[in-house]
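Data first, discussion second: the structure below is written as structure tokens.
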Amino acid sequence: METGIARHGSPEALESRLHRGTNQSGMRDHNERLVLSLVRQHGSLAKSDIARMTGLSAQTVSVIMRELEDDKLLVRQAPLRGKIGQPSIPMALNPEGAFFIGLKIGRRSAELVLIDFLGNVRAMLQNSYRYPAPRETVEFVTAGIGKMRGELTPAQDKRIAGLGIAMPFELWSWADTAGAPREIMDEWRHRDIRADIQAQCEFPVYLQNDATSACGAELVFGQAGAARDFVYFYIGAFAGGGIVLNGRLFGGPTGNAGALGSMPVPGPDGKPTQLIDVASIAMLEKALSAKGIDGSYLWTSPQEWGEIGTELDDWIASASQALAYAIVAASSVIDFEAAVIDGWMPLEVRRRLVDAVTDAIAGIDAEGLKLPVVREGTVGIHARALGGASLPLSERFLIGPTTISRSA
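Dropping the structure here:
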């Protein structure tokens with residue numbers, strides 16, 4: 001049975017819809033979200049294709065797509081000729097249809113990114129630091145948003161549909177590991193960073209765990225292929241991850257599902273430890289520091305680390321072993337199709353890490369389990385910031401919205 005379709009063709013109605021909080025009307029209408037999700041997945045689709053995929057009547061699909069075109073969310077492509085009857089006209093997402101801002105707050109850097117409706121990066125700003133401080137973070141965001149919006153036309157600025165924050169939950173818990181003053185990190189315990197930023201924005205602001213957000217970026221913008229169920233690891237200053245089930249990001253009741261950094265794995269001495277204590281890039285920096293080497297370039301030059309030597313070799317060996325055990329353990333709960341590994345690292349290092357994980361899994365007794373294919377992520381170093389930007393996009397324009405914790 002087909003559900004109802006909201007009517008909202010005027011520019012004023014569209015602006016209101018983009019700038020109001022999530023609710024059960026407007027773009028949350030199931031049919032419209034379904035159409036936009038399918039078009040995003042396939043690149044472009046004709047009305048007949050969507051009717052066939054969804055089971056909706058041709059008339060209903062025509063109404064939906066006409067309204068989405070009127071709202072400038074879809075654009076017509078060149079007609080496809082050569083078939084019997086009238087040529088079909090594929091519809092694609094309009095890059096100018098909506099804009100989204102993503103903020104990544106990490107242990108060693110913050111990133112602010114502006115993307116269009118296709119996920120193309122229109123602007124990006126980065127701020128590196130030894131540790132994150134709430135006041136400086138808000139100042140960075142305030143100045144960055146002002147700069148980005150100042151470079152948009154008035155029409156584009158009106159189409160900013162939201163801002164998503166990707167940051168570690170309970171950031172204050174990592175004060176000792178991050179090497180930060182405890183009094184500064186304790187400020188995060190008493191600050192509502194989402195509310196602080198929301199007070200400066202007329203569009204809604206969302207918040208999600210940073211590694212889960214990176215997983216969302218892989219789901220929305222990456223090349224996940226046909227995989228509908230995959231476990232995802234993002235290796236940054238600290239290791240974390242996320243879970244995709246049936247093509248949807250699964251955050252659980254508190255948004256903390258897929259807290260893979262806390263998964264127990266064998267430590268160097270054979271005793272259980274957490275994945276975060278072995279596979280995190282902070283462990284590589286610690287090893288470099290022990291040799292008197294300044295490892296700050298790990299955070300400022302993620303595209304190229306240069307020659308590191310045995311410290312990198314040793315880190316890949318230990319991190320891959322821990323990740324292999326984490327993947328096998330996760331596979332005993334859910335038979336994932338793929339295990340995706342991405343991170344704040346050069347592509348060559350990521351490739352070496354994934355190859356090492358594949359080799360390590362082969363040495364683990366996994367009898368009775370169907371193990372996933374291990375592969376590299378396809379979004380890269382900016383996955384967390386792009387994942388932040390994907391939060392309002394998913395929540396407001398796609399079917400099966402991202403599970404967002406502590407949102408507006």
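In UniProt numbering, the protein residues as written are 1 to 408.
Each residue gets a CB set at the ideal place from its N, CA and C atoms; glycine is no exception.
Please tell me whether residue i and residue j are closer than 8 Å, where the distance is taken between their beta carbons.
i: Leu284; j: Leu275; result: no
i: Leu260; j: Phe230; result: no
i: Ile341; j: Val357; result: yes
i: Ile193; j: Ile145; result: no
i: Ile89; j: Arg107; result: no
i: Ala339; j: Pro372; result: yes
i: Ser44; j: Ala51; result: no
i: Met91; j: Met124; result: no
i: Ile327; j: Val265; result: no
i: Val205; j: Gly162; result: yes
i: Ala279; j: Ala330; result: no
i: Leu103; j: Val141; result: yes
i: Val61; j: Lys47; result: yes
Would residue i be called buried (16 or more neighbouring beta carbons within 10 Å of its own) or exposed?
i: Leu74; result: buried
i: Ser262; result: exposed
i: Asp210; result: buried
i: Glu32; result: buried
i: Pro253; result: exposed
i: Pro181; result: exposed
i: Arg248; result: buried
i: Glu170; result: exposed
i: Glu67; result: buried
i: Ser318; result: buried
i: Ala227; result: buried
i: Gly363; result: exposed
i: Pro272; result: exposed
i: Gly377; result: buried
Tell me the rounded alpha-carbon separation between residue i and residue j.
i: Gly172; j: Asp269; result: Before going further, note that residue 172 is Trp rather than Gly in the sequence given. Rounded to the nearest angstrom, the two C-alpha atoms are 28 Å apart.
i: Cys201; j: Glu218; result: 27 Å
i: Leu203; j: Val35; result: It should be pointed out that residue 203 corresponds to Phe in this sequence rather than to Leu. Whole-angstrom Cα-Cα distance: 24 Å.
i: Asp29; j: Ser394; result: 13 Å
i: Leu114; j: Gly97; result: 14 Å
i: Gln126; j: Val354; result: 27 Å
i: Gly388; j: Leu312; result: 29 Å
i: Trp188; j: Arg351; result: 35 Å
i: Glu337; j: Thr153; result: 43 Å
i: Asp359; j: Leu347; result: 18 Å
i: Leu80; j: His42; result: 16 Å
i: Arg159; j: Phe99; result: 6 Å
i: Arg135; j: Ala143; result: 12 Å
i: Leu207; j: Ile165; result: 5 Å
i: Ala110; j: Glu367; result: 42 Å
i: Asp365; j: Ala239; result: 24 Å
i: Gly258; j: Ala78; result: 42 Å
i: Gln156; j: Asp71; result: 13 Å
i: Glu151; j: Gly216; result: 27 Å
i: Val349; j: Leu245; result: 28 Å
i: Gly267; j: Leu288; result: 19 Å
i: Arg396; j: Val220; result: 13 Å
i: Asp49; j: Gln59; result: 13 Å
i: Gly292; j: Gln198; result: 43 Å
i: Arg149; j: Pro302; result: 27 Å
i: Thr54; j: Val379; result: 29 Å
i: Thr300; j: Arg130; result: 11 Å
i: Ala195; j: Pro168; result: 16 Å
i: Trp305; j: Asp277; result: 21 Å
Whole-angstrom Cβ separation of residue i and residue j, contact assumed at under 8 Å?
i: Met345; j: Ile281; result: 7 Å
i: Leu369; j: Ser37; result: That belief does not hold up - the Cβ atoms of Leu369 and Ser37 are roughly 32 Å apart, past 8 Å.
Determine the closest residue to residue i out of the options, with distance taken between C-alpha atoms.
i: Ala383; options: Val61, Asp277 and Ala214; result: Ala214
i: Phe250; options: Lys104, Leu163 and Leu391; result: Leu391
i: Gly236; options: Thr212, Val220, Gly255 and Leu245; result: Thr212
i: Asp116; options: Leu93, Ala287, Leu245 and Gly247; result: Leu93
i: Asn256; options: Gly242, Asn246 and Lys370; result: Gly242
i: Gly343; options: Ile308, Ala385 and Gln208; result: Ala385
i: Ala290; options: Arg130, Thr378, Thr310 and Gly216; result: Thr310
i: residue 430; options: Ala227, Glu376, Ile361 and Leu118; result: The structure shown does not extend to residue 430, since the chain is modelled only from 1 to 408, so the question has no answer here.
i: Ile381; options: Ala133, Gly222 and Met53; result: Gly222
i: Asp314; options: Gly292, Lys286 and Ser296; result: Lys286
i: Ile308; options: Thr300, Gly267 and Gly295; result: Gly295
i: Glu183; options: Ala195, Lys147, Pro132 and Ser301; result: Pro132
i: Ser128; options: Ile105, Pro168 and Ala46; result: Ile105
i: Ile361; options: Ile293, Gly377, Ser320 and Thr378; result: Ser320
i: Glu69; options: Met53, Gly55, Val379 and Pro95; result: Pro95
i: Lys147; options: Pro168, Leu112 and Met167; result: Leu112
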